[in-house]
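Here's the structure, in structure tokens; my notes come after.
Residue numbers (UniProt numbering): 1 to 317.
Rendered as structure tokens:
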């Protein structure tokens, strides 16, 4: 079968298309013929060995797929790796049946990025109607969904941060009440201006580094900052307990895998997301579907911040 392999660690240039042996499922696995493989920012960390330092080469990246099982079920599934391929062996408990009214691309976008956005707001931030929400990277895969889900959850005001005029315009089209240029050195001051000095109740941040520091600075009393990524590859300055107590703020982290420890939580998120999509209350933004052989170009575009919404690989091309 055709697959994308990493045979040496590095940047996008290490992604190569190769012919490899088909996976052989164990008794606890099912084989999925892949239609689309999802591209996530986390995949770029894997190729650079900034995550999973014990990973052995060669490896096929990719943590989410949509396709069909051998018995004909149309499913979406997450995998530890191996998604950038024509076929993948999946733990038998992982495939999720896709409703007929939900297309493959939307199902792929909702599986990881949609559930992440939903859980950030409803589980980690515990959003309440009327609260204000600042979404960093608001035109990205998670951010574009989080903007809409915050509106659907009754947020009093949704502020979208993004680095280009086109991305900020997209966020407005998705329902953001205001936008802020995330590249401004005085970003925190800009947010305070938009909120008339009151700050925000919830910040969703996947950037790390300086953006996280400024995100903390704009929290209103009792505000919550949820960190779910480190796209800048830079750790934010440490935060001490006295600083948090100054305005009773909370800083917390989120990794999707931990949601699997609560039975039914991911299923609840997906049911609501599917319902929002089928009723056209939630729009999945397609940032590009690349042929399998162009995985390198997809990673280059993603790392250069040239993309919006969800990216995918079409394994048949």
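Just so it is clear, CB atoms sit at the ideal spot from N, CA and C, and this is done for glycine as well.
Here residue 242 is exposed. Its C-beta has fewer than 16 other C-beta atoms within 10 Å. Boundaries for residue 307: no alpha helix (DSSP H) harbours it, and the DSSP string shows neither H nor E there. According to the DSSP assignment, residue 223 belongs to the beta strand (DSSP E) that extends over 219–227. Between residue 211 and residue 198, the CB-CB gap reaches or exceeds 8 Å. Bounds of the alpha helix (DSSP H) holding residue 165 are 165–173. A residue is called buried when at least 16 other Cβ atoms come within 10 angstroms of its Cβ; residue 75 meets this threshold and is buried. Each residue's CA atom was taken as its position, placing residue 36 and residue 66 some 5 Å apart.
With a threshold of 16 other beta carbon atoms within 10 Å, residue 276 meets it and is buried. Taking 8 Å as the cut-off, the Cβ atoms of residue 208 and residue 305 do not count as close. Excluding five sequence positions before and after residue 101, the CB atoms of its chain that fall closer than 7 Å to its own CB belong to 278, given in chain order.
Per DSSP, the unbroken alpha helix (DSSP H) holding residue 274 starts and ends at 265–278.
With a 10 Å radius around the Cβ and a threshold of 16 neighbouring Cβ atoms, residue 245 comes out exposed. Judged by beta-carbon spacing, residue 64 lies beyond the 8 Å limit of residue 82, meaning their Cβ atoms are not closer than that value. If only complete runs of 4 or more residues are kept, the segment 56–142 shows the alpha helix (DSSP H) at 104–109, 115–119, in order along the chain.
With fewer than 16 other beta carbons inside 10 angstroms of its own, residue 247 counts as exposed. A distance below 7 Å between beta-carbons, with the five flanking residues on each side excluded, links residue 296 to the following residues of its chain, in chain order: 12, 13, 15.
Restricting attention to 174, 284, 222, 135, the CA atom closest to the CA of residue 181 is found in 135. Per DSSP, reduced to three states, the secondary structure at residue 315 is coil, with no helix or strand assignment. For the pair of segments examined, the segment 145–161 was found to touch the segment 119–134: the number of CB pairs separated by less than 8 Å reaches three. Under the three-state reduction of DSSP, residue 239 is assigned to coil, being neither helix nor strand. Note: residue 33 is bridge-paired with 68, 87 in the DSSP secondary-structure output.
Counting C-beta atoms within 10 angstroms of its own C-beta, residue 224 has 16 or more neighbours from the protein chains shown and is therefore classed as buried. Cβ-Cβ distances below 7 Å link residue 286 to 105, 309, 310 in the same chain, with the five nearest sequence neighbours on each side left out; the list follows chain order. For residue 4, the enclosing beta strand (DSSP E) covers residues 2–6. With fewer than 16 other Cβ atoms from the protein chains shown falling within 10 Å of its own Cβ, residue 8 counts as exposed. Note that the segment 213–228 does not touch the segment 87–101; fewer than 3 beta-carbon pairs, one per stretch, sit closer than 8 Å. Less than 8 Å divides the Cβ of residue 114 from the Cβ of residue 273.
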